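> Quick one: the structure is below, questions incoming.
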Amino acid sequence: MNPTINKKRIIFTIAGVILLPLLVFLLFPMIKKNTGPPTDQQERIQSLYQQNCAGCHGAEGLGTVRGVRLAGRNFHPDYIKSTIRQGSTRMPKFNIPEPYLTDLAVYVGRLQ
Ligand code: HEC
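Here the sequence shown is numbered in our numbering, starting from 780 and rising by one per residue.
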């Protein structure tokens, strides 16, 4: 056996043993992120709604004694955005920064 080839083989084997699992370990979360919903962003918007709006409009937007029904109303996202920003007679205004404001408006617009 040529000792230099042997050395190379050992180095390649070690590199393979270390790098391959590392690559799988690094790539797996990326693959996972693109498959099954919900994503982090969706969860963030959902909890934004639950924390700020659900108390009056209900967890599913069906309305409560303190807030009107939002589900199935087909609001334009711009209308929802300006309502969130400006508030209304019985609704406080909210200072929610972009891109969350737009995402929240889209979320509310899709409640059925
Ligand atoms: C304190 C209770 C309260 C909270 C909190 C609240 N709303 Fe409202 N909202 C209301 C009420 C009541 C109305 C109906 C208009 C009025 O009386 O002021 C309303 C109206 C609206 C409308 C317009 C509905 C229509 O019929 O034109 C939208 C859209 C809306 N709210 C979205 C939201 C979103 C999104 C949030 C969270 C960021 C939120 N609201 C938080 C009470 C609330």
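C-beta: ideal position from N, C-alpha, C; glycine also. Note that the coordinates shown come from a computational prediction; the quantities given were computed from them, not determined experimentally.
#1: Is any heavy atom in the ligand HEC found nearer than 7 Å to the beta carbon of F863?
#2: Using only the heavy atoms of the ligand HEC, determine whether one of them is closer than 7 Å to the beta carbon of I797.
#3: On the CB-based measure, 16 or more other CB atoms within 10 Å of its CB, does D882 come out buried or exposed?
#4: Just to confirm, does V844 get its C-beta within under 7 Å of one of the non-hydrogen atoms of the ligand HEC?
#5: When you compare the CB positions of H836 and G846, do they come within less than 8 Å of one another, or not?
#6: Quick one: is the Cβ of L883 within less than 7 Å of any heavy atom of the ligand HEC?
#7: Please report the residue range of the alpha helix (DSSP H) in which T881 lies.
#8: Work out the CA separation of P800 and F807 for me, nearest whole Å.
#9: When the Cα atoms are used, what is the spatial distance from V887 to G840?
#10: Mind checking A884: buried by the 16 CB within 10 Å criterion, or exposed?
#11: So G851 and Q891 are supposed to be a Cβ contact under 8 Å. How far apart are they, rounded?
Let me lay it out:
#1: For the sequence presented, residue 863 should be read as Ile rather than Phe. Relative to the non-hydrogen atoms of the ligand HEC, the Cβ of I863 comes within a distance shorter than 7 Å of at least one.
#2: No, the beta carbon of I797 sits no closer than 7 Å to any heavy atom of the ligand HEC.
#3: D882 counts as buried, since at least 16 other C-beta atoms from the protein chains shown sit within 10 angstroms of its C-beta.
#4: No - the ligand HEC has no heavy atom lying nearer than 7 Å to the Cβ of V844.
#5: It is a contact, given that the beta carbons lie within the stated cut-off.
#6: Yes; taking the cut-off as 7 Å, the Cβ of L883 has a heavy atom of the ligand HEC nearer than that.
#7: Note, T881: alpha helix (DSSP H), Y879 to R889.
#8: Those two C-alpha atoms are separated by around 10 Å.
#9: Distance between V887 and G840, taken at the CA atoms: about 8 Å.
#10: Taking all protein chains in view, the Cβ of A884 is crowded by 16 or more other Cβ atoms within 10 Å, so the residue is classified as buried.
#11: Contact between G851 and Q891 holds: CB atoms are separated by about 5 Å, below the 8 Å threshold.
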